[in-house]
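*Asks:* Numbering (the numbering used here), first residue to last: 1250 to 1720. Glycine included, each C-beta is placed from N, C-alpha and C at the ideal position.
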Amino acid sequence: MKISIIILAAGLGKRMCSSLPKVMHPIGGKPMLAHLLCTARALSPTNIYVVQNALSPVLSEFFSSEKGITWVTQAQQLGTADAVKAVIPHLSARKAEDEYVLILCGDTPLVSVELLTRFLSDLDQNKNSQNTIGFISTNVDNPTGLGRVIRNEQNQAVAIVEERDATDSIRTISEVNSGILALSTALLNKLLPKLSNQNAQKEYYLTDLIQLAVAQGISITTTLAPISSEVMGVNTRHQQAEVERFYQQKQVQEIMEKGACVLDPNRVDIRGVLNCGTDVLIDINTIFEGNNTLGARTKIGAHCILINCDISEDVEILPFSFLSGVKIGKHCQIGPYARIRPDTVLADSVKIGNFVEVKKSHIGTESKINHLSYVGDAVIGASVNIGAGTITCNYDGLFKHQTIIEDDVHIGSDTQLVAPVIIRKGTTIAAGSTVTRNTEAGKLTLTQDLNQRVIENWVRPISSERKKSKE
Ligand code: UD1
Ligand code: MG
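Structure (structure tokens):
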């Protein structure tokens, strides 16, 4: 079955009360339209048409790197049927008469490839499929706002009635239209010009195709979506949040099925791809953005955020840590309250403790930065111990400079390493030093005044008010 896919994305999305086009609002961290484009591609259509409005060419700009999409502009938002009408000249130009058209709504992002494949095969199995319209319906507890499916005594779908045009009795129907529809290009060409806008919203409804087709003896097939959330449309922020929850449940289920232990599946958000080894443990309120990998037995503590991290086996990330663009070797321990920024690589068995920030650095095997430090633009060897409060002074106000710390260095607390500087192998630096020159291997370096002194007759300054109150 040769299909073209039309994605309707030109609506103004007024109910979102937002300056962002509705289909650009994210689900699982990526625009709704991106989900649909991915699904559409998986069906290998001959063409993908996306209908946008004249006000939001931002869509075609945002997706400009995506190949094989024909962007079509709907001049005025006169309804879903009018949006499809904008694509007709493109279909005619391609003489796509023997094709089928699958119409998806840009605000219904989570429809699966499986459901659409079943839907198209339901249509294809129809003897007279060239002269049939198929649509996906579903049953919902609260159908408010959705098009209701009207069936005749033989249980055949004969119309879709929009909420605003429905009588009270029609409004009690719980079977609703998903907005997903398919038919042959020839049939679409024939029926579309016949639709009118005689309804409460004075819009051209695509859903009116059903009644029109039935009146002309054209058959209708419906495919029931067993999980209504999968075909739930997003018109409001509330619905966006509901669709987001459904998406998150699915994501978490997937990693659990592969052997991850998720302490509360309702309190983990995966906004991208998360690959987990077996026996990974994920505590509550954790967020994973972009592409993350967790090796077997790695533990992610509560309230951690990981963005594009590649983490090996047996790593422990303690609570409240924020990691972005980091590659971590085996048996490392990070946090609590650690911040590790992009382009950082930690070798095996590294320890990064609380209130430590690391940026664009390479840290060697078994090295430790346990407390209150900033390490940026550094290359640190193996078995290095960096004391509390150590800072690499990497920025001179104009340029960033590198700090190199070779193997087996011990740096005392509260040390400043003024880059560019090399701390040679085996150096020990005394606490409180400000190191501005390269050190000598195996030696003790110190810069502070070790002669602790007492200043006699020194008076602690006090404010004039305090002085007065004392008098
Ligand atoms: C639509 C269906 C309704 C169904 C519901 C499921 C119609 C008339 N109604 O209602 O039966 O139950 O989806 O979610 O089809 N759009 C355009 N141009 C327009 C108008 C809309 O491109 O002029 C696009 C929107 O961007 C959106 C899609 O079409 O992606 C559906 O439009 P929307 O206004 O969301 O329709 P619903 O009221 O949700
Ligand atoms: Mg909608």
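Apart from the five residues on each side of it in sequence, which residues of its chain come closer than 8 Å, Cβ to Cβ, to residue 1674?
*Replies:* 1630, 1655, 1656, 1657, 1658, 1690 and 1691
*Asks:* Got a sec, what are the start and stop residues for the beta strand (DSSP E) residue 1311 sits in?
*Replies:* First-last for residue 1311: 1307 to 1311, but that is the alpha helix (DSSP H), not the beta strand (DSSP E).
*Asks:* What residue ranges within the stretch 1542 to 1629 form continuous beta strand (DSSP E) runs of no fewer than 3 residues, ordered along the chain?
*Replies:* 1554 to 1556, 1571 to 1573, 1575 to 1577, 1593 to 1595, 1600 to 1603, 1606 to 1608, 1617 to 1620, 1623 to 1625 and 1627 to 1629
*Asks:* In whole angstroms, what separates the C-alpha of residue 1477 from that of residue 1533?
*Replies:* 27 Å
*Asks:* Contact check, residue 1548 vs residue 1530 under 8 Å by CB: the rounded distance?
*Replies:* 4 Å
*Asks:* Could you check whether the Cβ of residue 1409 sits closer than 8 Å to any heavy atom belonging to the ligand UD1?
*Replies:* Answer for residue 1409: yes, Cβ within range of the ligand UD1.
*Asks:* Sorted by chain position, which residues of the same chain lie with C-beta nearer than 7 Å to residue 1449's C-beta, five sequence neighbours on each side aside?
*Replies:* 1413 and 1414
*Asks:* Using only Cβ atoms and a threshold of 5 Å, which residues come within that distance of a heavy atom of the ligand MG? Order them by chain position.
*Replies:* 1356, 1482 and 1484
*Asks:* Report yes or no: is there a C-beta of chain D within less than 9 Å of the C-beta of residue 1280?
*Replies:* Of the protein chains in the structure, only one exists, and it is not chain D.
*Asks:* Note down, in chain order, each residue of its chain lying with its Cβ closer than 7 Å to the Cβ of residue 1440, except the 5 sequence neighbours on either side.
*Replies:* 1458, 1461 and 1462
*Asks:* Report the residue from 1637, 1648 and 1644 whose alpha carbon sits nearest the alpha carbon of residue 1678.
*Replies:* 1637
*Asks:* Is it true that the CB of residue 1431 sits closer than 9 Å to the CB of residue 1384?
*Replies:* Contact: yes.
*Asks:* Just the Cα atoms here: how many angstroms apart are residue 1428 and residue 1303?
*Replies:* 22 Å
*Asks:* Are there any heavy atoms of the ligand UD1 lying less than 8 Å away from the beta-carbon of residue 1354, as far as the coordinates show?
*Replies:* Yes; taking the cut-off as 8 Å, the Cβ of residue 1354 has a heavy atom of the ligand UD1 nearer than that.
*Asks:* For residue 1708, which of helix, strand or coil comes out of DSSP?
*Replies:* coil
*Asks:* Considering only the alpha carbon of each residue, which of 1283, 1398 and 1331 lies closest to residue 1309?
*Replies:* 1283
*Asks:* For the beta strand (DSSP E) containing residue 1472, list its first residue and its last residue.
*Replies:* 1468 to 1473
*Asks:* List the endpoints of the continuous alpha helix (DSSP H) containing residue 1287.
*Replies:* 1281 to 1291
*Asks:* Let me know the secondary structure DSSP gives residue 1634 once reduced to three states.
*Replies:* strand
*Asks:* Within the continuous alpha helix (DSSP H) that includes residue 1498, where are the two ends?
*Replies:* Residue 1498 -> alpha helix (DSSP H) spans 1486 to 1506.
*Asks:* If we ignore side chains and look at the alpha-carbon of each, how far apart do residue 1581 and residue 1600 end up?
*Replies:* 6 Å
*Asks:* Give a single yes or no on whether residue 1332 has its beta carbon closer than 8 Å to a heavy atom of the ligand UD1.
*Replies:* yes
*Asks:* If you check the beta carbons only, do residue 1307 and residue 1321 fall under 9 Å apart?
*Replies:* no
*Asks:* Distance, Cα to Cα, residue 1708 vs residue 1579?
*Replies:* 55 Å
*Asks:* Please tell me whether, using a cut-off of 8 Å, the distance from the CB of residue 1425 to the nearest non-hydrogen atom of the ligand UD1 is below it.
*Replies:* yes
*Asks:* Rank 1251, 1537 and 1326 by C-alpha distance to the C-alpha of residue 1263 and give the top, closest one.
*Replies:* 1326
*Asks:* Give me, in chain order, the residues of the same chain whose beta-carbon lies closer than 8 Å to that of residue 1632; leave out the 5 immediate sequence neighbours on both sides.
*Replies:* 1613, 1614, 1615, 1616, 1656 and 1657
*Asks:* If you draw a straight line from the C-alpha of residue 1546 to the C-alpha of residue 1505, how long is it?
*Replies:* 13 Å
*Asks:* Which of the three DSSP states is assigned to residue 1673 in this structure?
*Replies:* coil
*Asks:* Between the Cα of residue 1436 and the Cα atoms of 1456, 1382 and 1426, which residue gives the shortest distance?
*Replies:* Of the residues 1456, 1382 and 1426, the one whose Cα lies closest to the Cα of residue 1436 is 1382.
*Asks:* Return the chain-ordered list of same chain residues with a C-beta closer than 8 Å to the C-beta of residue 1266, the five sequence neighbours on each side being excluded.
*Replies:* 1486
*Asks:* Can you tell me whether DSSP reads residue 1662 as helix, strand or coil?
*Replies:* coil
*Asks:* So what does DSSP say about residue 1452, is it helix, strand or coil?
*Replies:* coil
*Asks:* Looking at residue 1353: is its Cβ nearer than 9 Å to the Cβ of residue 1416?
*Replies:* no
*Asks:* What first and last residue would you give for the beta strand (DSSP E) that runs through residue 1520?
*Replies:* Its beta strand (DSSP E) spans residues 1517 to 1525.
*Asks:* Three or more C-beta pairs closer than 8 Å, one from the stretch 1250 to 1262 and one from the stretch 1333 to 1353: is that the case here?
*Replies:* yes
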